[in-house]
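A.B. asks:
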Amino acid sequence: MDAQQIDVKFTMHNLQRAKYCAATIIILEVLLAIVHIARTKTIGDGYFLLYIMLLVLSILFLILVSVIEKRFFKYRYIKTAVWGYYWFVLMWGVSIALLDQRSYGQVTAYLISLLAVTMLYHVRLRKFILLQSFPTVYLMSGLMLMQQDSERALTHLVNIVLFIVISAIGSRFLYYGQYKMLAQEQLNSQLVQMNGDLQLLATYDELTEMPNRRGLYDYVQANMRDIPRHVTAMILDIDAFKQFNDYYGHLEGDKVLKEIAVILRALASNRCFVGRFGGEEFIYLIFDMEHSEALHFANNICKAVEQRRIPHQASPFLPYVTVSIGVATDPCCTIQNLQQLFQNADAALYSAKRAGRNRAELTI
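Take the sequence shown: its letter number 360 is residue 371 in the numbering used here, and every next letter is one higher.
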């Protein structure tokens, strides 16, 4: 499990919530400023200045994170920007609460700010305590100076301490809840990727980078199902391949298999499946191809391999690598009788071998 990836996801989730928070604050601060002007007929007092200050900062925050995302995309910069924005929101709540001591005598503004930050900003407990420590000290100090009623000031201090404790517990709960969720998402993603890799290994031949027999059956299941179709099967075998391996060695034999695979893929069309059938055998499975066209295509494959002139001094037939192909067609083939089609193609392959190799034979 990559802790850094989880940290990046945390940061991006916090950023998304901070954007929504900033957008909401912009709307609220505009409304508060309008209401304040309508009620007091003034724009020069502390409340109005704090409304405008938070409004401007929220706009600047959205601009800043947009620039970071588009030009830098360094999540550490984003973490710093989000942390700084929420710190200012808390300081704004403290400032409003201290102004309220002259009239309402409440600390509701700060408590609401702290609650919003707790719900939206998910960080470790240590960072959360660091985030709200200075605003809290500032608020408590300000209350002792600005609240003339000592009993009310003491009540506020007790409520603030209790609220901070509850917020810290809530913050820790939210953080670890999201951490487990992101960790599970990452684990699920890794499992999906591993399953995909295993599926690829199970259905592809590593040497030739072609589908194997399991890949062939998956292709058949996906394209035939229970619907009868006109199917042509071509089984291709490299002539005298055992002699080639005995003479040149298996490493050179592997190179020949890969080169033949390249030729076969180059000749395949969109309606063809081509894969390794096993050993030195390859297979084409083709839909909706007439038998005459199929035989012509098979002979072209033989010519393409022959024209490559891969040396084969141990061959009793020709001094270069050739292939033989057995072709079988079934105009109304289903999955159930596909094995019979393969057997027919295999029988045609042996007919091609007996007829001299380097050729294609067809059975209908």
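All C-beta atoms, glycine included, are put in the ideal place defined by N, C-alpha and C. All values derive from a computational prediction rather than experimental measurement.
Of the residues Q201, L202, N199 and V231, which one's Cα is nearest the Cα of N214?
C.D. replies: Checking the sequence, you will find Thr at residue 214 rather than Asn. Closest by alpha carbon: V231.
A.B. asks: Relative to the C-alpha of T345, which residue among P239, H24 and L198 is closest?
C.D. replies: Out of P239, H24 and L198, P239 has the C-alpha closest to the C-alpha of T345.
A.B. asks: Is the distance from the Cβ of I249 to the Cβ of V332 below 8 Å?
C.D. replies: Taking 8 Å as the Cβ cut-off, I249 and V332 qualify as a contacting pair.
A.B. asks: Where DSSP assigns a beta bridge to L373, which residues make up the other side?
C.D. replies: DSSP, once it has assigned bridges, lists V338 as partnering L373.
A.B. asks: Tell me where the beta strand (DSSP E) around D160 begins and ends.
C.D. replies: Counting along the chain, D160 falls outside any beta strand (DSSP E), and DSSP gives it neither H nor E.
A.B. asks: Pull the bridge partners of L296 from the DSSP assignment, please.
C.D. replies: Its beta-bridge partners are A244 and F284.
A.B. asks: Going by C-alpha distance, which of H302, T147, V148 and L193 is nearest H133?
C.D. replies: When each option's Cα is compared against that of H133, the closest is L193.
A.B. asks: With DSSP run on the structure shown, which of helix, strand or coil describes M235?
C.D. replies: Correct three-state label for M235: coil.
A.B. asks: I'd like to know whether the C-beta atoms of L61 and I123 end up nearer to each other than 8 Å.
C.D. replies: No, they are not a contact pair.
A.B. asks: So does the region 178–185 actually touch the region 145–162, counting three or more Cβ pairs closer than 8 Å?
C.D. replies: The region 178–185 vs the region 145–162: no contact.
A.B. asks: To the nearest angstrom, how far is the alpha carbon of V334 from that of K314?
C.D. replies: Computed Cα separation, rounded: 9 Å.
A.B. asks: Take D111 as the anchor and find which of Y97, V338, A164 and A233 has the nearest alpha-carbon.
C.D. replies: Measuring from the Cα of D111, the nearest candidate turns out to be A164.
A.B. asks: Determine whether the beta carbon atoms of T22 and I74 lie at a separation below 8 Å.
C.D. replies: In this structure, I74 does not lie closer than 8 Å to T22 by Cβ.
A.B. asks: Hey, is the region 306–326 in contact with the region 264–278, meaning 3+ C-beta pairs nearer than 8 Å?
C.D. replies: Yes: the two stretches touch, three or more of their Cβ pairs being nearer than 8 Å.
A.B. asks: Which two residues bound the contiguous alpha helix (DSSP H) that contains R50?
C.D. replies: From DSSP, the alpha helix (DSSP H) with R50 extends over A14 to T51.
A.B. asks: So, for F139: in the same chain, excluding its five sequence neighbours on each side, which residues have a beta-carbon less than 7 Å away from its beta-carbon?
C.D. replies: Around F139: A179 and S182.
A.B. asks: Please go through the same chain and pick out, in chain order, the residues whose beta-carbon is closer than 6 Å to the beta-carbon of Y295, but skip the five residues on each side of it.
C.D. replies: Excluding positions up to five away in sequence, the list reads M245, C283 and V285.
A.B. asks: If contact is defined by three or more beta carbon pairs under 8 Å, each pair taking one atom from either stretch, is the region 192–206 in contact with the region 288–306?
C.D. replies: They do not touch, by the three-pair rule.
A.B. asks: Suppose you measure from the CA of E291 to the CA of F252; what does that come to, to the nearest Å?
C.D. replies: Spanning the two alpha carbons is a distance of roughly 7 Å.
A.B. asks: Can you tell me the Cα-Cα spacing of Q350 and T243, whole angstroms?
C.D. replies: For Q350 and T243, the distance between alpha carbons rounds to 12 Å.
A.B. asks: When you compare the CB of H24 with every CB in chain B, is at least one pair closer than 8 Å?
C.D. replies: Of the protein chains in the structure, only one exists, and it is not chain B.
A.B. asks: Give a yes or no on whether the C-beta atoms belonging to V433 and N25 are separated by under 8 Å.
C.D. replies: This structure does not reach residue 433, given that the chain is present from 12 up to 375, and the question cannot be answered.
A.B. asks: For S114, report the span of its alpha helix (DSSP H) as first-last.
C.D. replies: No alpha helix (DSSP H) holds S114; DSSP gives it neither H nor E.
A.B. asks: Quick one: what does DSSP say P146 is sitting in, helix, strand or coil?
C.D. replies: Three-state result, P146: helix.
A.B. asks: If I measure Cβ to Cβ from L65 and keep anything under 8 Å in the same chain, skipping five residues before and after, which residues do I get?
C.D. replies: Hits under 8 Å: I36, E40, F99, V100 and W103.
A.B. asks: Run the CB neighbour count on P146, radius 10 Å, all protein chains shown included, and call it buried at 16 or more, exposed below.
C.D. replies: Buried, by the Cβ-count rule.
A.B. asks: For the alpha helix (DSSP H) that contains K81, what are its first and last residues?
C.D. replies: First-last for K81: undefined, no H or E at that position.
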